[in-house]
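2 protein chains.
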Amino acid sequence: MEKPQLHTILTPKLLDLYDAENSIVVIIDVFRATSTIATALYNGAKEIYPVADVQECILLGKNLNAITAGERDGKVIEGLQFGNSPTEYSQDVIENKILVITTTNGTKMLQMALDQNADSIITGSFPNLGAVCEYLISQNKNVLLGCSGWKDRFNLEDVLFAGAVVSKVSEHFTIHCDSSLMAKELYELHQKDIKQFIRKTTHWHRLEAYGLEKDLEYCVTENAANVLPLYNKEKRALLIHR
Amino acid sequence: MEKPQLHTILTPKLLDLYDAENSIVVIIDVFRATSTIATALYNGAKEIYPVADVQECILLGKNLNAITAGERDGKVIEGLQFGNSPTEYSQDVIENKILVITTTNGTKMLQMALDQNADSIITGSFPNLGAVCEYLISQNKNVLLGCSGWKDRFNLEDVLFAGAVVSKVSEHFTIHCDSSLMAKELYELHQKDIKQFIRKTTHWHRLEAYGLEKDLEYCVTENAANVLPLYNKEKRALLIHR
Numbered sequence: 353m354e355k356p357q358l359h360t361i362l363t364p365k366l367l368d369l370y371d372a373e374n375s376i377v378v379i380i381d382v383f384r385a386t387s388t389i390a391t392a393l394y395n396g397a398k399e400i401y402p403v404a405d406v407q408e409c410i411l412l413g414k415n416l417n418a419i420t421a422g423e424r425d426g427k428v429i430e431g432l433q434f435g436n437s438p439t440e441y442s443q444d445v446i447e448n449k450i451l452v453i454t455t456t457n458g459t460k461m462l463q464m465a466l467d468q469n470a471d472s473i474i475t476g477s478f479p480n481l482g483a484v485c486e487y488l489i490s491q492n493k494n495v496l497l498g499c500s501g502w503k504d505r506f507n508l509e510d511v512l513f514a515g516a517v518v519s520k521v522s523e524h525f526t527i528h529c530d531s532s533l534m535a536k537e538l539y540e541l542h543q544k545d546i547k548q549f550i551r552k553t554t555h556w557h558r559l560e561a562y563g564l565e566k567d568l569e570y571c572v573t574e575n576a577a578n579v580l581p582l583y584n585k586e587k588r589a590l591l592i593h594r
Numbered sequence: 353m354e355k356p357q358l359h360t361i362l363t364p365k366l367l368d369l370y371d372a373e374n375s376i377v378v379i380i381d382v383f384r385a386t387s388t389i390a391t392a393l394y395n396g397a398k399e400i401y402p403v404a405d406v407q408e409c410i411l412l413g414k415n416l417n418a419i420t421a422g423e424r425d426g427k428v429i430e431g432l433q434f435g436n437s438p439t440e441y442s443q444d445v446i447e448n449k450i451l452v453i454t455t456t457n458g459t460k461m462l463q464m465a466l467d468q469n470a471d472s473i474i475t476g477s478f479p480n481l482g483a484v485c486e487y488l489i490s491q492n493k494n495v496l497l498g499c500s501g502w503k504d505r506f507n508l509e510d511v512l513f514a515g516a517v518v519s520k521v522s523e524h525f526t527i528h529c530d531s532s533l534m535a536k537e538l539y540e541l542h543q544k545d546i547k548q549f550i551r552k553t554t555h556w557h558r559l560e561a562y563g564l565e566k567d568l569e570y571c572v573t574e575n576a577a578n579v580l581p582l583y584n585k586e587k588r589a590l591l592i593h594r
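Quick note, the sequences are listed as chains A and B, same order. Plus 352 on top of the position in the first sequence (first one is 1) and you've got the numbering used here. Plus 352 on top of the position in the second sequence (first one is 1) and you've got the numbering used here.
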């Protein structure tokens, strides 16, 4: 029996070159949307609604009696309650609560996957690496690892995570994909010094200015919040898949 | 004085995210268009006209009394005289001749650079790595390393060449670009075993079926045809820049 295929999408702009309709799409936004999503669910959030803009975030938050979250330039957006840092979502803050979160790059990739009628959508980052790999192996479907990047540009930390996945699941997939090969090489080269390596990325330099070093180190810590956020198309929300 | 900026464009689809108008764009199509272009010029071709389609190639070839070249699926296209292999363009074949060549991926990147009004356009591959680096250092302008890829998808061999350039010119440029950082890492990791490494690429597997191993090994041989092809916008042709 032929193994399912796996491809890595280096930026949202390249998603339409691939067959999302017959694939699980993994939304990857390591700094920090998908790290925060895993953490909030791990700490007991009931549902997470990712939305594209601030007004929608405020409105939906009111309707659902939810916590609202979003940041611009390292600060909580006016009218919202929390920021995008995973450290904000401890158990006592988020347990049994609903979260509505607005992010730029991650939400864009998610919306594109929806527009292209993806078979199913999950989110991944280092804190839930193990859960993502386990799920992908169990489903026996094609996979697109969707790196959210930064304003459509390529982002190292996202491709590093894609490489971590490829490195751990490759024997279960057919991989004719240079992006995946490169991602795997890069991850295997840097998995031992990943906290040093991320200091070289452009995103580190943007966020470091806001004093977020600890945040970013957490975002590359494997299995610190090891749950599987699965997107529920009817609810338009991410819930833990058990 | 601030150094000029350098970015790496991983596929043609990403070129419009960058400022081509104020940059030298380096067209990179290692397997095999830009390797062949360097080789033909090195062996004495007067001018090379890259064109997008076969009919244009035949017509222009007739008008210019030129050699015409193009391949599909590893065979010379009907109506044209030569293929896309650098080995076909020895001195006795090409000296003082004009070449009209049709390629898919490389020509697309070139056309996009023209559409975006690039400051200037050169072509690069391992056989002319040294000449490309020397030129870029001498010009003191922003640089976009444009990987042609394969049908808009990312291609390892092109980014390896971009990495070779970054590795050799980085001290002369400001580089806030994750793609360039990754390219450099990958090249420095594999520069010693590059002929083995390229055997893993998707493109190798496509072309190997046509018996082109020797061709592909030549295409990653540094400085085997060390000239600088500069695109002349009036002529619409590539000529050696001296």
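No residue lacks a Cβ here, since even glycine has one placed at the ideal position from N, Cα and C. Fair warning: this is a prediction, and the values are worked out from it, not measured in the lab.
Look at the Cβ atom of Leu-373(A), then the Cβ atom of Leu-591(A), and state whether they are nearer than 8 Å.
Position 21 of the first sequence, counting from 1, holds the residue named residue 373(A). Position 239 of the first sequence, counting from 1, holds the residue named residue 591(A). At residue 373(A) the sequence reads Glu, which differs from the Leu that was named. Contact flag unset, no.
Roughly how far, in whole angstroms, is the beta-carbon of Phe-506(B) from the beta-carbon of Thr-363(B), given that I think they are within contact range, below 8 Å?
Residue mapping note: residue 506(B) aligns to position 154 of the second sequence, counting from 1. Residue mapping note: residue 363(B) aligns to position 11 of the second sequence, counting from 1. The C-beta distance from Phe-506(B) to Thr-363(B) rounds to 5 Å, short enough to meet the 8 Å contact threshold.
Coarse secondary structure for Ala-535(B), derived from DSSP in three states:
Here residue 535(B) corresponds to residue number 183 of the second sequence, with the count starting at 1. Secondary structure at Ala-535(B): helix, using DSSP grouped into helix, strand and coil.
Who are the near neighbours of Val-518(A) in its chain, counting only those whose CB is closer than 6 Å to its CB and skipping five residues on each side?
As a working note, residue 518(A) is residue 166 in the first sequence. The residues are Ser-532, Ala-535 and Lys-536.
Following the continuous beta strand (DSSP E) through Cys-499(A), name the residue where it begins and the one where it ends.
As a working note, residue 499(A) is residue 147 in the first sequence. First-last of the beta strand (DSSP E) with Cys-499(A): 494-499.
Let me see if you follow: with CB-CB separation under 8 Å, is Asn-507(B) close to chain A or not?
The residue labelled residue 507(B) in the question sits at position 155 within the second sequence. Closer than 8 Å to some Cβ of chain A, the Cβ of Asn-507(B) qualifies, so yes.
Measure from the C-beta of Ser-531(B) to each C-beta in chain A and report whether the shortest distance is under 8 Å.
The residue you call residue 531(B) lines up with position 179 of the second sequence. Yes, contact with chain A.
Quick check: what's the CA-CA separation for Leu-369(A) versus Ile-380(B)?
What you label residue 369(A) is simply residue 17 of the first sequence in a count that begins at 1. What you label residue 380(B) is simply residue 28 of the second sequence in a count that begins at 1. One C-alpha to the other measures close to 21 Å.
Checking 8 Å against the spacing of the C-beta atoms, do Ala-397(B) and Ala-577(B) come in under that value?
Residue 397(B) sits at position 45 when you count from the first residue of the second sequence. Residue 577(B) sits at position 225 when you count from the first residue of the second sequence. No, the pair does not count as a contact, with Cβ atoms beyond the cut-off.
Is any non-hydrogen atom of the ligand SAH found closer than 7 Å to the C-beta of Gly-413(A), if you look at the structure I gave you?
As for the ligand SAH, it is missing from this structure, which has no ligand bound.
Residue-chain proximity (Met-534(B), chain A), Cβ-Cβ < 8 Å:
Here residue 534(B) is taken as the residue at index 182 of the second sequence, counted from 1. The beta carbon of Met-534(B) falls within 8 Å of a beta carbon belonging to chain A, placing the residue at that interface.
Are there three or more Cβ pairs, one per stretch, closer than 8 Å when the segment 455-467 of chain B is compared with the segment 489-502 of chain B?
With the cut-off at 8 Å, the segment 455-467 of chain B and the segment 489-502 of chain B touch.
Helix or strand or just coil, what does DSSP make of Thr-388(A)?
As a working note, residue 388(A) is residue 36 in the first sequence. Helix at Thr-388(A).
Of all Cβ atoms in chain B, is any one closer than 8 Å to the Cβ of His-593(A)?
Taking the first sequence and counting its residues from 1, the one referred to as residue 593(A) is at position 241. Answer no: the Cβ-Cβ gap between His-593(A) and chain B never drops below 8 Å.
Give the straight-line distance between the Cα atoms of Gln-548(B) and Ile-527(A), rounded to the nearest whole angstrom.
Along the second sequence, one-based indexing puts residue 548(B) at 196. Along the first sequence, one-based indexing puts residue 527(A) at 175. Each residue's Cα considered, the two are about 18 Å apart.
So for Tyr-562(B), helix, strand or coil by DSSP?
Locating residue 562(B) in the second sequence gives position 210, where the first residue counts as 1. Coil.
The segment 538-546 of chain B / the segment 409-421 of chain B touching (three or more Cβ pairs under 8 Å)
Touching, no, given that fewer than three Cβ pairs across the two stretches are closer than 8 Å.
Residues of chain B with a CB under 8 Å from the CB of Glu-537(A): which are they?
Against the first sequence, residue 537(A) aligns to sequence position 185. Contact note: Glu-537(A) reaches chain B through Leu-538 and Leu-541, using a C-beta cutoff of 8 Å and chain order.
Which residue from Lys-544(B), Lys-493(B) and Leu-512(B) puts its Cα closest to that of Phe-383(B)?
Start at 1 with the first residue of the second sequence, and residue 383(B) comes out as number 31. Here the closest residue by C-alpha is Leu-512(B).
Compare the C-beta of His-528(A) with all C-beta atoms of chain B and state if any pair is closer than 8 Å.
Taking the first residue of the first sequence as position 1, residue 528(A) is located at position 176. Output row for His-528(A): interface = yes.
Would you mind reading off the limits of the alpha helix (DSSP H) that contains Ser-490(B)?
Residue 490(B) sits at position 138 when you count from the first residue of the second sequence. Segment 481-491, the alpha helix (DSSP H) holding Ser-490(B).
Would you check if the segment 436-449 of chain B and the segment 564-572 of chain B touch, i.e. whether three or more CB-CB distances between them fall below 8 Å?
With the rule of 3 Cβ pairs closer than 8 Å, the segment 564-572 of chain B counts as touching the segment 436-449 of chain B.
Roughly how many angstroms separate the alpha carbons of Leu-559(A) and Glu-565(A), rounded to a whole number?
Within the first sequence, residue 559(A) is the residue found at index 207, counting from 1. Within the first sequence, residue 565(A) is the residue found at index 213, counting from 1. For Leu-559(A) and Glu-565(A), the distance between alpha carbons rounds to 8 Å.
What is the rounded straight-line gap between the Cα of Leu-358(B) and the Cα of Ile-446(A)?
Residue numbering aside, residue 358(B) sits at position 6 when the second sequence is read from its first letter. Residue numbering aside, residue 446(A) sits at position 94 when the first sequence is read from its first letter. When rounded, the separation of the alpha-carbon atoms in Leu-358(B) and Ile-446(A) is 43 Å.
Short CB-CB distance (under 8 Å) between Leu-496(A) and chain B
For the purposes of this step, residue 496(A) is taken as residue 144 along the first sequence, with counting starting at 1. Answer no: the Cβ-Cβ gap between Leu-496(A) and chain B never drops below 8 Å.
Between the CA atoms of Ile-474(A) and Val-484(A) - distance to the nearest angstrom
Here residue 484(A) refers to the residue found at position 132 when the first sequence is read from its first residue. Here residue 474(A) refers to the residue found at position 122 when the first sequence is read from its first residue. Cα to Cα, Val-484(A) sits roughly 8 Å from Ile-474(A).
CB Val-377(A) to CB Ala-516(A), shorter than 8 Å?
Position 25 of the first sequence, counted from the start, is the residue given in the question as residue 377(A). Position 164 of the first sequence, counted from the start, is the residue given in the question as residue 516(A). No; because the gap between Cβ atoms is not below 8 Å, this pair is not in contact.
Which residue spans inside the segment 409-466 of chain B form an unbroken alpha helix (DSSP H) run of at least 4?
Restricting attention to alpha helix (DSSP H) runs no shorter than 4 residues, the segment 409-466 of chain B encloses them at 443-446, ordered along the chain.
Leu-367(A): first and last residue of the uninterrupted beta strand (DSSP E) it sits in
The residue given as residue 367(A) occupies position 15 in the first sequence. Unbroken run through Leu-367(A): none, as it is neither H nor E.
At least one CB of chain A closer than 8 Å to the CB of Asp-504(B): is that the case?
Counted from its first residue, the second sequence places residue 504(B) at position 152. Contacts with chain A at 8 Å (Cβ-Cβ) include Asp-504(B).
Please classify Asp-510(B): is it buried, with 16 or more other beta-carbons within 10 angstroms of its beta-carbon, or exposed?
On the second sequence, position 158 is the one that residue 510(B) refers to. With 16 or more neighbouring CB atoms inside 10 Å of its own CB, Asp-510(B) falls in the buried class.
So, is the C-beta of Leu-559(A) closer than 8 Å to a C-beta in chain B?
Locating residue 559(A) in the first sequence gives position 207, where the first residue counts as 1. So no, Leu-559(A) is outside the interface.
What does Thr-553(B) reach in chain A if we use C-beta pairs closer than 9 Å?
The count along the second sequence starts at 1 and reaches residue 553(B) at position 201. Neighbours of Thr-553(B) on chain A, chain order: Asp-530 and Leu-533.
Delimiting residues of the alpha helix (DSSP H) encompassing Val-518(B):
Stepping through the second sequence from its first residue, residue 518(B) is reached at position 166. Segment 508-521, the alpha helix (DSSP H) holding Val-518(B).
Under 8 Å (Cβ pairs) to chain B, residues found in the segment 356-389 of chain A
Residues passing the 8 Å Cβ filter: Leu-362, Thr-363, Lys-365, Leu-366 and Leu-369.
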